[in-house]
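The end of the sequence shown is residue 987 by the working numbering, with every number in the run present.
Report on the structure given below.
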Amino acid sequence: RSTLFPYTSLFRSHAAGAIALLQDFELLKRVIRAWVGVYLQKVDSGRIAPAEVDWCLVHYSAKSLRAEIVSLLEDTAGMIPQEKWFSVLRDQGNVGSASIWLMLDALRRSGQLRSGQKILCVVPESGRALVGFMMLEAV
Numbered sequence: 849r850s851t852l853f854p855y856t857s858l859f860r861s862h863a864a865g866a867i868a869l870l871q872d873f874e875l876l877k878r879v880i881r882a883w884v885g886v887y888l889q890k891v892d893s894g895r896i897a898p899a900e901v902d903w904c905l906v907h908y909s910a911k912s913l914r915a916e917i918v919s920l921l922e923d924t925a926g927m928i929p930q931e932k933w934f935s936v937l938r939d940q941g942n943v944g945s946a947s948i949w950l951m952l953d954a955l956r957r958s959g960q961l962r963s964g965q966k967i968l969c970v971v972p973e974s975g976r977a978l979v980g981f982m983m984l985e986a987v
């Protein structure tokens, strides 16, 4: 028995509310609204120009969460056309923090990326309800 982890099994930890074995999609949908709000603030302030984005790589753990993001963005100045979105979710599943790196690698290997194109990476972290953005340029 670990002194750092007082429960004897993952299931007991889950039953006590110490960890979640499944994602809470209703909670995530509420958090997504906040992340979209942060993104739209960056658009409004000129820090992100959606028209200049050639590829949009967003980590989301399920197709339903992508649909939630799109529904919140589709009538705003921040919407990036879905044909510019690139994901590996269908092929590789939800791989958590590795996801953005796998997407970048898959985009590079796809043959679709051209020098000078701009790639917006959106990396949420649901455990702490944080979101980060990277704007990269292909060379």
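Quick reminder that beta carbons are idealized off the backbone N, C-alpha and C, glycines included.
Being a predicted model, the structure only gives us computed values, none of them experimental.
So the alpha helix (DSSP H) Phe934 belongs to, where does it begin and stop?
Here Phe934 belongs to no alpha helix (DSSP H), and DSSP marks it neither H nor E.
Quick check on this structure: which residue in Leu913, Val987, Gly941, Gln940 has the alpha carbon closest to the alpha carbon of Arg956?
Ranking Leu913, Val987, Gly941, Gln940 by Cα distance to Arg956 puts Val987 first.
Assuming Val943 and Leu950 form a contact by the criterion Cβ under 8 Å, report the distance between their Cβ atoms to the nearest whole angstrom.
Confirmed, Cβ separation roughly 6 Å.
Under a three-way DSSP split, which group does Pro898 fall into?
Three-state DSSP puts Pro898 in a helix.
Thinking Leu905 and Leu876 are a contact (beta carbons under 8 Å), I'd like their distance in whole angstroms, please.
Leu905 to Leu876, Cβ: 19 Å. No contact.
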